[in-house]
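Encoded as structure tokens, the structure appears first; notes follow it.
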Amino acid sequence: MDQQGAEPTFSAVTEVDGEQLSVRVSGEVDMSTADRLYATATGSRAAFLTLDLRPVSFFDSAAIHALVRIAEHYAGRLSVLPSRQVRRVLEISGLGDQPWLTT
């Protein structure tokens, strides 16, 4: 919760185009929202996933775990567009050189 007692903002908007699923995530991805991220990203039968994390403002270890599980689910078929904060967290965690992470 933030200082005023409101729940952190999280949203995941999906778009399917044939075999391509695009998920645009915004807000905070943490232990209270990481499972929703995973469920949204893997709930479709799409063959390919673009995960747009550019609007993400906070990304913790639960989010990293969800992302690694998503990468396993879409092995070789995932593209992640990170925000500056997400990229930094992934670099610190040793995941900054993953082939699914775009520049």
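All the letters of the sequence shown, read from the start, carry residue numbers 238 to 340 under the numbering used here. Ideal Cβ placement from N, Cα and C applies to all residues, glycine included. Please read these numbers as outputs of a predicted model, since none were measured by experiment.
Item: Neighbourhood of LEU290 by C-beta distance below 7 Å, restricted to the same chain and skipping five residues each side; Value: VAL262, VAL317, LEU318, PRO319, SER320 and VAL323
Item: Extent of the continuous beta strand (DSSP E) run through GLN257; Value: 257 to 266
Item: C-alpha distance - ILE301 paired with GLN335, whole-angstrom precision; Value: 13 Å
Item: Status (buried if at least 16 other CB within 10 Å, exposed otherwise) for ALA271; Value: buried
Item: Neighbourhood of SER281 by C-beta, 8 Å cutoff - its chain only, sequence neighbours within 5 removed; Value: THR251, VAL253 and LEU258
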